[in-house]
Every structure is written in structure tokens, then in C-alpha cells.
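Report on the following structure.
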Amino acid sequence: MRRLLVALDASPRTAAVRDAACQLAANIGASLVLFRSLGLPTHIDEQAVTHPTESLPDSMKHEAEADLARHQAACPPGMVERTVVQFGVAWEAICSAAKAFDVDLIVIGAHGYGGIDRLLGTTAGKVVNHTDRSVLVVRSKP
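Structure below.
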């Protein structure tokens, strides 16, 4: 394995996914692609928005890029090949990026949801079921 796609989101549990990917990459000599997918809301309450709606996607992307930069800083120097922020449905964007960047393994977190999420499938579950790449699902400790 030479390249891993690390699918990250904004949750506090994401650090465990990043750390697992860094450890694995260090052990096998692989590089990392840190990836974040952003979805746009279908309805935006104008009262809740503090800046013009036209700049919302740019603002979201800027925040996600800053978050990925913090994740990159937590990895050993030179390990992260690139960081990528992309708009789209999370599982579809992850599967597409895995092909586009020719990764050997997708590293993604499992948030341990139950009930309806388990019935309908989580992002990790959909990635596992739809990608042609191997997937490592990281469970963080509560």
C-alpha cells in the first residue's frame, strides 16, 4: 500500500481516525490524502446566517480547509501528500476521490449510530458497500 485516503468530518471523534491512519501509514511507508466532503443544506434560514448566503459555500470550504490543515499538522512531517475539500454527498465523494487519487485503502470513522441510522446505513457503511477499494473502519473509544 502506498496511498491512503483518510475521510474526515467535523466531529470530535475524527482525531482517532487521523491517528489510526498516521500510525498505519508510518508502519507501511504510505502517504495520506486527507479528505473532507461538504454537503450544502437544502434550506437556509436567513435569520441564522450572519453573512451573505452567496458566500456560504466559500466560508464552509475555508473552514474545512483550516480543519484539514490542523489534521495535517498533527501528522508526521511529509506524510500528508495533499488535503482535499469537495462538495457532494459524503459517501459518493469519498468513493470518487478514492478512484481519482488512486488510493489503496480508505480510512473512515464509525460513529456507532444505532436505530434508524443502522437500518438505512451510515456513510462508512455506504462506502464499504460501494467502493472498489479496501476500507478500514476505525471505531473511536467513547
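Heads up: the sequence shown begins at 0 in numbering that gives the first Met the number 0, then just goes up one per residue.
For every residue, glycine included, the Cβ atom is placed at its ideal position computed from N, Cα and C.
This structure is a prediction, so every number in the text was calculated from the model and none was measured.
query = What residue does the alpha helix (DSSP H) around residue 73 start on, and which one ends it?
reply = The residue given as residue 73 occupies position 74 in the sequence shown. Where residue 73 is concerned, there is no enclosing alpha helix (DSSP H), given that its DSSP letter is neither H nor E.
task = For my contact list, residue 7 and residue 97 are in at a C-beta cut-off of 8 Å; report their separation, rounded to the angstrom.
result = For this step, residue 7 is matched to residue 8 along the sequence shown. For this step, residue 97 is matched to residue 98 along the sequence shown. At roughly 14 Å, the Cβ-Cβ gap does not stay under 8 Å, so residue 7 and residue 97 are not in contact.
ask   = Taking C-beta to C-beta, are residue 137 and residue 92 nearer than 8 Å?
value = What you label residue 137 is simply residue 138 of the sequence shown in a count that begins at 1. What you label residue 92 is simply residue 93 of the sequence shown in a count that begins at 1. Contact flag unset, no.
request  = Whole angstroms is fine: what's the gap from residue 121's alpha carbon to residue 128's?
outcome  = Your numbering for residue 121 matches position 122 in the sequence shown. Your numbering for residue 128 matches position 129 in the sequence shown. Each residue's Cα considered, the two are about 11 Å apart.
query = By Cβ distance, which residues of its chain are closer than 6 Å to residue 19, with the 5 residues on each side in sequence left out?
reply = For the purposes of this step, residue 19 is taken as the residue at position 20 of the sequence shown. Only 137 meet the Cβ criterion.
query = Tell me, which residues are paired with residue 54 by DSSP?
reply = Taking the first residue of the sequence shown as position 1, residue 54 is located at position 55. Answer by DSSP bridge pairing: none, since residue 54 is not bridged.
inquiry  = Considering Cα atoms alone, identify which of 0, 68, 2, 12 is closest to residue 139.
reply    = In the sequence shown, the residue the question calls residue 139 occupies position 140. The option with the nearest alpha carbon to residue 139 is 12.
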